[in-house]
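The sequence shown begins at 4 in the numbering used here and counts up one residue at a time. In this text, a Cβ means the ideal position worked out from N, Cα and C, and glycines have one as well.
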Amino acid sequence: LMKLSKDTKLNDNIFEKLNLISKSVKLDKNALDYLIDDNRQADVNDLINYSMIGDYLKATNILKKCSLSKISTIFICRRYLFKINQLEKIFLLRKNGATFDDILKNRLLKIFFKEKQFIKNQVKIWNLNKINHLREKFIDIEINCKSKQDFDYLFLENALIYIYIQSINTLK
Numbered sequence: 004l005m006k007l008s009k010d011t012k013l014n015d016n017i018f019e020k021l022n023l024i025s026k027s028v029k030l031d032k033n034a035l036d037y038l039i040d041d042n043r044q045a046d047v048n049d050l051i052n053y054s055m056i057g058d059y060l061k062a063t064n065i066l067k068k069c070s071l072s073k074i075s076t077i078f079i080c081r082r083y084l085f086k087i088n089q090l091e092k093i094f095l096l097r098k099n100g101a102t103f104d105d106i107l108k109n110r111l112l113k114i115f116f117k118e119k120q121f122i123k124n125q126v127k128i129w130n131l132n133k134i135n136h137l138r139e140k141f142i143d144i145e146i147n148c149k150s151k152q153d154f155d156y157l158f159l160e161n162a163l164i165y166i167y168i169q170s171i172n173t174l175k
């Protein structure tokens, strides 16, 4: 149950899937992991969104939950890189004259309703130069997580500190 999300709708969805699947196929560990994967991704997205707006406390609590759930640090790094690329596209679209509302509606950016407020806050904190620097850091973190697996979550904890410092320096 440590793998379940704080989002009750996601949890309800998982239990509904379990109920439906149990009627048609035999439930095993792989089937269960597949169903719970939705919650893992939601937790990782929350981790990234809260860290990128400078909410260090929430982000570290979610990171601890990810560690207990044994979510791959490589997966987390790649989700961070996805977010960084998404923010870069937003900054480039704004630079080319697109309005923020049009950007949020752009289907190619895959911005879900729940994320829109996070994105608005992230755009206030980050800029193109900081995002590019953060991308380089996460590429290095991913390499370190692969090569020094005993310390993988420590690398992510250090990344959260770095992100927090970057965000509070902008908000001052």
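Residue i - containing alpha helix (DSSP H), residue span
| i | result |
| --- | --- |
| E145 | L131 to S150 |
| D104 | F103 to K108 |
| N124 | K119 to I128 |
Collapsed DSSP secondary structure at residue i in the structure displayed
| i | result |
| --- | --- |
| D153 | helix |
| K73 | coil |
| I114 | coil |
| M5 | Confidence at M5 is low in this model, with a pLDDT of 46, below 50, so its placement is unreliable and the value that follows should be read with caution. M5: coil per DSSP, three-state reduction. |
| D31 | coil |
| I65 | helix |
| N161 | helix |
| D58 | coil |
| N22 | helix |
| N88 | helix |
| T173 | helix |
| N99 | coil |
When the options are compared against residue i, the one with the closest alpha-carbon
| i | options | result |
| --- | --- | --- |
| D143 | N132, R81, S72 and T173 | R81 |
| T76 | S150, Q169 and N172 | S150 |
| Q120 | D104, E139, N88 and F94 | D104 |
| A162 | D31, S72, R138 and T102 | R138 |
| N48 | N147, K117 and K73 | K117 |
| I87 | G100, N132, T63 and I164 | N132 |
| K127 | K68, D31, S170 and Y83 | S170 |
| T63 | N172, Y165 and D31 | Y165 |
| L159 | T173, I65 and L107 | I65 |
| K73 | H136, R43, T102 and E145 | R43 |
| Y167 | K61, D15, A45 and D153 | K61 |
| T102 | Y83, F154, F141 and K123 | K123 |
| A45 | N172, F141, D31 and K68 | K68 |
| N172 | Y83, G100, R97 and W129 | W129 |
| L84 | N99, H136 and F141 | F141 |
Any non-hydrogen atom of the ligand MN within 6 Å of residue i CB
| i | result |
| --- | --- |
| D105 | Ligands displayed in this structure: none; no statement on the ligand MN is therefore possible. |
Distance between beta carbons of residue j and residue i, contact taken as under 8 Å
| i | j | result |
| --- | --- | --- |
| I93 | L112 | 7 Å |
| Y156 | S70 | 5 Å |
| Q125 | I56 | 6 Å |
| I134 | L90 | 5 Å |
Contact with chain C by residue i, beta-carbon distance below 7 Å
| i | result |
| --- | --- |
| Y165 | The displayed structure is made up of one protein chain only, and chain C is not part of it. |
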